[in-house]
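Protein chains: 6
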Amino acid sequence: MEAQKKPFRRILLTGAAGGLGKQLRERIGAWADVVRLSDRANLGEARAGEEVVHCDLADRDGMLALLEGVDAVLHFGGISVEDRWDPILQANIIGLKNLYEAAHKAGVKRIVFASSNHAIGFHPTTVHLDADSPTRPDGYYGLSKVFGEQMSRYYWDRFGIETVCIRIGSVMEVPKTHRILRTYMHPDDLVELLRCSLVTPRVGHTIVYGMSDNDANWWDNSKAGHLGFRPKHSSREHEHLFPFAGYPADDDEPSKYQGGPFVIQGPMYE
Amino acid sequence: MEAQKKPFRRILLTGAAGGLGKQLRERIGAWADVVRLSDRANLGEARAGEEVVHCDLADRDGMLALLEGVDAVLHFGGISVEDRWDPILQANIIGLKNLYEAAHKAGVKRIVFASSNHAIGFHPTTVHLDADSPTRPDGYYGLSKVFGEQMSRYYWDRFGIETVCIRIGSVMEVPKTHRILRTYMHPDDLVELLRCSLVTPRVGHTIVYGMSDNDANWWDNSKAGHLGFRPKHSSREHEHLFPFAGYPADDDEPSKYQGGPFVIQGPMYE
Amino acid sequence: MEAQKKPFRRILLTGAAGGLGKQLRERIGAWADVVRLSDRANLGEARAGEEVVHCDLADRDGMLALLEGVDAVLHFGGISVEDRWDPILQANIIGLKNLYEAAHKAGVKRIVFASSNHAIGFHPTTVHLDADSPTRPDGYYGLSKVFGEQMSRYYWDRFGIETVCIRIGSVMEVPKTHRILRTYMHPDDLVELLRCSLVTPRVGHTIVYGMSDNDANWWDNSKAGHLGFRPKHSSREHEHLFPFAGYPADDDEPSKYQGGPFVIQGPMYE
Amino acid sequence: MEAQKKPFRRILLTGAAGGLGKQLRERIGAWADVVRLSDRANLGEARAGEEVVHCDLADRDGMLALLEGVDAVLHFGGISVEDRWDPILQANIIGLKNLYEAAHKAGVKRIVFASSNHAIGFHPTTVHLDADSPTRPDGYYGLSKVFGEQMSRYYWDRFGIETVCIRIGSVMEVPKTHRILRTYMHPDDLVELLRCSLVTPRVGHTIVYGMSDNDANWWDNSKAGHLGFRPKHSSREHEHLFPFAGYPADDDEPSKYQGGPFVIQGPMYE
Amino acid sequence: MEAQKKPFRRILLTGAAGGLGKQLRERIGAWADVVRLSDRANLGEARAGEEVVHCDLADRDGMLALLEGVDAVLHFGGISVEDRWDPILQANIIGLKNLYEAAHKAGVKRIVFASSNHAIGFHPTTVHLDADSPTRPDGYYGLSKVFGEQMSRYYWDRFGIETVCIRIGSVMEVPKTHRILRTYMHPDDLVELLRCSLVTPRVGHTIVYGMSDNDANWWDNSKAGHLGFRPKHSSREHEHLFPFAGYPADDDEPSKYQGGPFVIQGPMYE
Amino acid sequence: MEAQKKPFRRILLTGAAGGLGKQLRERIGAWADVVRLSDRANLGEARAGEEVVHCDLADRDGMLALLEGVDAVLHFGGISVEDRWDPILQANIIGLKNLYEAAHKAGVKRIVFASSNHAIGFHPTTVHLDADSPTRPDGYYGLSKVFGEQMSRYYWDRFGIETVCIRIGSVMEVPKTHRILRTYMHPDDLVELLRCSLVTPRVGHTIVYGMSDNDANWWDNSKAGHLGFRPKHSSREHEHLFPFAGYPADDDEPSKYQGGPFVIQGPMYE
């Protein structure tokens, strides 16, 4: 009996040495004959079905080479926390420009972009958002994610390169804070959302919030219904960890906004 | 012990010899003392609790007679696929006018109208719709369904005849194509939605999408919450049938629009 | 010195023997080298720059011939008041189908369609509408206008034939009733709106209300801002004609709805 | 082993001798070291962990004393049905003013206000509402609830006192009428919603509908997603009690509006 | 030659001794054969075409008598500034209840209610509102105006008594502060809006902002288009009076909110 | 007689050597005791009331010095057309970051940011936008303007620095193309909008389209009503320059989108 054909010949996972990248590396092998992994950090040896490429997002020529022969991209590379301007500029702004230029030149037609809830982090915790709500970044990091969403919007309007922008909440097995009860995304749910983002026949330019089926939530994903994403996990099973952590709230800024602690970390001027 | 009273004395099912009509004939007997069945095709013998009437929708006098003594109508008659203008004109336009005229004259107060997703079929597959989204018919057939929805709107505004317009997706046990994962409606769910449409005390002029609880979906039924319809089935149990049928999509028109293949079938000029 | 080039070679005015048609015939000569006029009624002799074609909208072959060689259409033909079903069916439903089929076959790329406020006539007089408000036809006539708007929507989505649907209010020099203070459109403003509808480079499928700059009004045209239509007239100069005609309103249906007397004229069953 | 710390030192339950008040008294002991109970009716003896205060809402000085030392309030006091003007004025209008004045002076920072579906009872049964839909009170009682919602809005804007306004449907174990299938709230779900309203870190001024997970429903709670309320019960298990109670509806006012029988009870002029 | 018939037999102006009342008394004589004037303050002698009635709004029996024989009401009575609770309760809450009860019993079918911008005064000065924006009262006074708007909503839904609620800005000849450039309403424009509110055939329950055609503005009146109100004046001719009164704003509350100084005046607890 | 006090002590105009900058330099002297002018190009001699500073936006230290002692900024510096990535990165991305960092450190509280219609240039010419419509940049340039709008949003949310983002259309005396009839902004109207943006007491984070009162238009400024901007000019007086330039449109991309020729200029990869 023949092995079943995989949906892609080659997909690229950037940021494969990062926190999420490492987890994803273990779980996406079934989606492509070859998974190309890239990072500027050490990725170790390529395993069966893998290609390993050392590349910095800010390296334009390197990026042009990296995208060659790729069918689809899972872009998890770049800075993933609030930081000083320069690293964010290099990886998340110049890097995004390099990614889309290279994708265009290499003929890549779909990208899944790891955006972040910090693109909307300055919305208060008492409002409900959907994909069309105005962005309100909560720092240089969030600002760079809005930039990436708009870069991808442009490449869709201009060249028909499709992108799913996932505004990822907090990916972990067990929520670490009371706030994360709302932003929680179980790793399985992230993998499922990536799968949906890759195999849905048409996605155009879709914005979706990356979260599990949490009881308490700030975000409405109905406009991404075409992706068919149904999370299987929920933070409700972990609510007992923060029994009275709620009211009365500390009178500090982080507890007022969806972005939580990020809203006071920036801007890091030096 | 007494038999329980049925909710209606007589309901009419048009199109009873059609694909859906035949299935419904088997399942709606409990709703009325008498189920009147009509079609222009052969309906066979009337069984217990049935009346069989041979009638063409375009036959005005026949329709006047058909509606006499009826409490409520399930209108499944007419052309149900893209077709040339003339048959659609006769059955779905003139027929609709005849139906509402006859219902008015006979004092019928509620109609459940089998509309179609083809009333909105030219919306792209990446947008989410609800009952108030603008219609975008994908052919003469879809256009005739918009006409029917508006005819029923008029009879509600003018005479208080209530209609539930069901924009039916794809009714079948097992989805036949990848697109149908989104439009899928299990026959049980259709029967349940018809029941809800008949027994809800007031429906005014309600538009509802006829679909099961599919993970991937384009339509939001919250504005029809008063109907109390909760589908029990989902296409998710059939997703394995189309494992990699999605991306990369063929670059053809049908895969771009919710109406699928219908969008290129018409207009059939002759 | 050379005569200035006219914007079109040949435009077609249907319904040229009708009330509005006659007025327009006098005023549109500057827009095309040839104005083709059609009606099923007598149009008299063709004048300089005119072609006269006798044609019934329900005559499919006649319509195919009529549209040959035409650059753009002003469609004012058909029934323009509430009427029995059959004449509306022939002229406004079958006629519309014939018009778009013929336009498609002849390569016509733009149509200005005389729709009507009766497409939304069952909205109460206390609500404000725009181009996306749900239609609520107030009779067979209004229903046929919704049908025409949807037919044109389909030809735009399917073949890129552009249409401006003008929901005309009440075109006259002096308002005849209190209601018309709200629906009033001075003939000059109609001519200007037709001009805008013809010369705007792209119109896609645009819906616009045909009214002057009346103080009292029910309709918002901002979504048609690309047309650049600014009415020069207003019913305010005629308000003195109906000094106390307002409150207390008669407790009849016509005064409750935007469609006025139309809302009780139909349906004319025979 | 130490007993776990309770989230509040002292909470106040007003209306503790009323129908809902009695049920709540049995179930909220775990939320505070001390539950202060008040009513103008007899509350019996204080039990362990309780304080009993006899107080009329219209008694301003009494209210000032009642709120002293309170961390949070569950306000279930006042008239809870349609009634004559004077009792509603005293308890629900003057009483509300007294409550918020006293809360302000005592430094109370959160109130859960038992509002009612009768604040929106004059909406037809065929429309779907959310927290921002315009209010349409169905009597003096509903009007007093809108007043309370606005009083609490003011204290949030002016002094940052948070309120969750719960537009309670029909709290009971088993629905008593067909209408209640839509408004049903199981007592457990009410307790859970109160808990969510108390322990969510920030609520600002939140409006939420108090209902179980009923299949048939008129209300959308997505804008209160930050509360994390997920009902566990549903009226669907009781639908068999009203098998054909629906169509055809009696042609009376109560069956046309969400407020049901309340819409014809008022105004009680004497 | 006969004198022209006036539109009303008898209209009632409450609050006729107040600031606006006195101005209106001079200007509304042409609208009715008899203008009944009421106030609890001295109104002086009745002139030709006038009736003078001394009446306190809180006096229920007096109000019942006052409304007898009245065709329409201009309700300008009650407290018109922020004040202590008791006077507002008596005049603006109990008084409103008395007014509508009396109107109902006397068969009055239309009321023009002087509401206030203070019903929405806690909206920031950087947002734009229309008739459906949520109310945010800025004190007891604003709260009483919301109450009146909702009382009138109820009488429209319950008995079909029509009301136009005018959220009056600042009526004066010359703006006194920089804020009033936005809220300015010339007295002529108020008179014109009252006229429109009285003579429009149907108004249902209409909310309209009372302002002139000011360049700087916070409010959108398009939903009241059926009234036909077009202001003739504008604060722009007075802008030179406050040349640099704007930026930098004082960092105080009144300059942040549309309600201006009212937002810090209340609540007046004693 | 004393000279009247000017509203600001010192305002900064960046880009003062550019096309618009030169015009503005001539016209803003009345707004401040000192107008500081900056550019990386030659600005000539400082005149009375001027300070001239040579500064590149990408020079962080230079920017810190430039903002010292400034009350408000008119930011017209940077690249103002589609260009290669690097100059846009330096001036419009890094430059914007430097501007806001410097403004923050210098205590500047208000900035007027010259954004551009190219932030929304990929919207079709048949849609109408307002300040909350999603952005759709039409190139690197438009993308940098979205970045600037979001940077300013962040500094408002984080530090309360106010910004008015003006999405400028086409500033010139006489429209040069048919498209510019829609985007036209007379220089006087730009100056007036800048004045409004500076002197309005509170602006928070306001987005406004910079256009004259053109008959044909794509943009709705009602959400910026608090600015009090009323343009005095209109492209209508120039429409005769492009008599038949409209229909039939060339079938090219630039005529399909609001951004016009920009939509095909980028991305300039080298």
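Chains as they are written, first to last, in full-length UniProt numbering: chain A, 1 to 270; chain B, 1 to 270; chain C, 1 to 270; chain D, 1 to 270; chain E, 1 to 270; chain F, 1 to 270.
Where a beta carbon is used, it is the ideal one built from N, C-alpha and C, also for glycine.
Within chain D, partners of residue i - CB distance below 8 Å
i, result
"residue 218 of chain A", "225 and 226"
The ligand GTP heavy atom lying under 7 Å from the CB of residue i
i, result
"residue 43 of chain E", "As far as ligands go, the structure on display features none, and thus does not contain the ligand GTP."
Where residue i falls: helix, strand or coil (DSSP)
i, result
"residue 191 of chain E", "helix"
"residue 165 of chain D", "strand"
"residue 43 of chain E", "coil"
"residue 57 of chain C", "coil"
"residue 87 of chain D", "helix"
"residue 1 of chain E", "Summary for residue 1 of chain E: the model assigns pLDDT 41, below 50, so the residue's position carries little reliability; its value from the coordinates is reported in the next sentence. Residue state, collapsed to three classes: coil."
"residue 264 of chain E", "helix"
"residue 121 of chain E", "coil"
"residue 173 of chain B", "coil"
"residue 116 of chain F", "strand"
"residue 8 of chain B", "strand"
"residue 48 of chain F", "coil"
Buried versus exposed call for residue i [16 or more other C-beta atoms within 10 Å across all chains shown]
i, result
"residue 243 of chain C", "exposed"
"residue 34 of chain C", "buried"
"residue 157 of chain B", "buried"
"residue 107 of chain E", "exposed"
"residue 42 of chain F", "exposed"
"residue 38 of chain B", "buried"
"residue 91 of chain C", "buried"
"residue 222 of chain A", "exposed"
"residue 30 of chain D", "exposed"
"residue 171 of chain C", "buried"
"residue 124 of chain D", "exposed"
Per-residue contacts from residue i into chain D (C-beta, under 7 Å)
i, result
"residue 125 of chain A", "202 and 226"
"residue 10 of chain B", "Those do not exist, as residue 10 of chain B stays about 13 Å from chain D at its closest Cβ, beyond 7 Å."
Under 7 Å from the C-beta of residue i: neighbouring residues of chain A
i, result
"residue 213 of chain F", "The contacting residues do not exist; residue 213 of chain F stays about 27 Å from chain A at best."
Residue i: contacting residues in chain E (beta-carbon distance under 8 Å)
i, result
"residue 206 of chain F", "126"
"residue 230 of chain F", "215 and 236"
Contacts that residue i makes with chain C (C-beta to C-beta distance below 7 Å)
i, result
"residue 310 of chain B", "Any question about residue 310 of chain B goes unanswered here, given that chain B covers just 1 to 270."
"residue 233 of chain F", "Residues of chain C passing the Cβ test: none, with the nearest at roughly 15 Å."
Contacts of residue i in chain C (Cβ-Cβ under 9 Å)
i, result
"residue 255 of chain F", "201 and 202"
Neighbour list for residue i in chain B, Cβ cutoff strictly below 7 Å
i, result
"residue 136 of chain C", "153 and 157"
Cβ distance (whole Å) where residue i is taken to contact residue j below 8 Å
i, j, result
"residue 162 of chain F", "residue 205 of chain F", "7 Å"
Per-residue contacts from residue i into chain A (C-beta, under 8 Å)
i, result
"residue 40 of chain D", "Result: empty, since nearest Cβ-Cβ is about 29 Å, beyond 8 Å."
Amino acids of chain E, ordered along the chain, whose beta-carbon sits closer than 7 Å to that of residue i
i, result
"residue 222 of chain F", "128 and 220"
Within chain D, the residues that residue i reaches when beta carbons sit closer than 9 Å
i, result
"residue 101 of chain E", "85, 267 and 269"
With a floor of 4 residues, list each alpha helix (DSSP H) that falls wholly inside the region 62-110 of chain A, ordered by position along the chain. 85-88 and 95-106
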